[in-house]
Amino acid sequence: MMRLINNQKNKKFVSLFVAVIFLLGIGAIAYTQMATPTMASDTDSNIGVIDTTKVLNAASPAVIAANKELDDYKKQLSDEFNTKSANMDDNQKAALASEYQGKVQDKMMEIQKKIQSQVSDASKAVADAKGLSIVMDKRTVLYGGVDITDQVQRKLSGNSDATDSSSQK
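Under my numbering, the residue at position 165 of the sequence shown is numbered 165, and the numbers go up by one with no gaps.
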């Protein structure tokens, strides 16, 4: 074998043979990468996407319930304020109003966290049922993914048919 490689004419032949095998290997790798695109179609993807602006629009049952809860809380605080502030001077009323404003902001944060938790739970349930490993906001995905917005909306509405696959993108 060493004698075969030591011959000058054979060195060129062996070098050419190795180069051809190398190029064929590179070509085979390139071909297989082109044959299976990395940007998978919607049906092959394990990434779910949700249009959160559609899920959390003003007509959404979760948003309507949250707005009703906040309005009820504001009315309750307003009634309390009117009762407590009846015999107060302006400085005391301003301090009480500031305290109640803080309570309203705390309640808004609590309601917002509750809605986010509901959307997250509904997304997880739909994703588990569809075998998706990741769910992202649709605005952050340029291409691909399975749109599960409608199923998440149905899940949030309490409809048990939220994992129906007939309303995919």
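Beta carbons are placed, not taken as given, at the ideal position from N, Cα and C, and that holds for glycine.
Assigned exposure category for residue i - 16 Cβ within 10 Å defines buried
{"i": "Ser123", "result": "buried"}
{"i": "Ile148", "result": "buried"}
{"i": "Leu132", "result": "buried"}
{"i": "Thr140", "result": "exposed"}
{"i": "Thr36", "result": "Reliability fails at Thr36, whose pLDDT of 48 lies under 50, so the model's placement of it is uncertain and the value that follows must be treated cautiously. With fewer than 16 other Cβ atoms within 10 Å, it is exposed."}
{"i": "Lys155", "result": "buried"}
{"i": "Asp150", "result": "buried"}
{"i": "Ala94", "result": "exposed"}
{"i": "Val152", "result": "buried"}
{"i": "Val146", "result": "buried"}
{"i": "Ala66", "result": "buried"}
Nearest candidate by alpha-carbon position, reference residue i, set the options
{"i": "Met108", "options": "Ala30, Lys68, Val55 and Ile47", "result": "Lys68"}
{"i": "Ile115", "options": "Asp72, Asp137 and Val55", "result": "Val55"}
{"i": "Thr53", "options": "Tyr143, Leu70 and Met136", "result": "Met136"}
{"i": "Ala127", "options": "Ala66, Ile50 and Phe17", "result": "Ile50"}
{"i": "Val119", "options": "Ala62, Leu24, Ala95 and Ala58", "result": "Ala62"}
{"i": "Lys75", "options": "Tyr100, Val20 and Val14", "result": "Tyr100"}
{"i": "Leu77", "options": "Asp106, Ser15 and Gly145", "result": "Asp106"}
{"i": "Asn46", "options": "Val20, Gly158 and Gly144", "result": "Gly144"}
{"i": "Lys130", "options": "Ile26, Gly48 and Lys12", "result": "Gly48"}
{"i": "Phe81", "options": "Ile64, Ala65 and Val104", "result": "Val104"}
{"i": "Ser157", "options": "Ser60, Lys12 and Ala28", "result": "Ser60"}
{"i": "Thr83", "options": "Asn91, Asp72 and Leu96", "result": "Leu96"}
{"i": "Ile64", "options": "Gly102, Gln112, Asp79 and Gly25", "result": "Gln112"}
Per DSSP, cross-strand counterpart(s) of residue i
{"i": "Gly48", "result": "Val135 and Val146"}
Which runs of the beta strand (DSSP E) spanning at least 3 residues fall entirely within the region 67–149, listed in chain order?
-> Restricted to the region 67–149, the beta strand (DSSP E) segments that are unbroken, complete and at least 3 residues in length are 134–137, listed in chain order.
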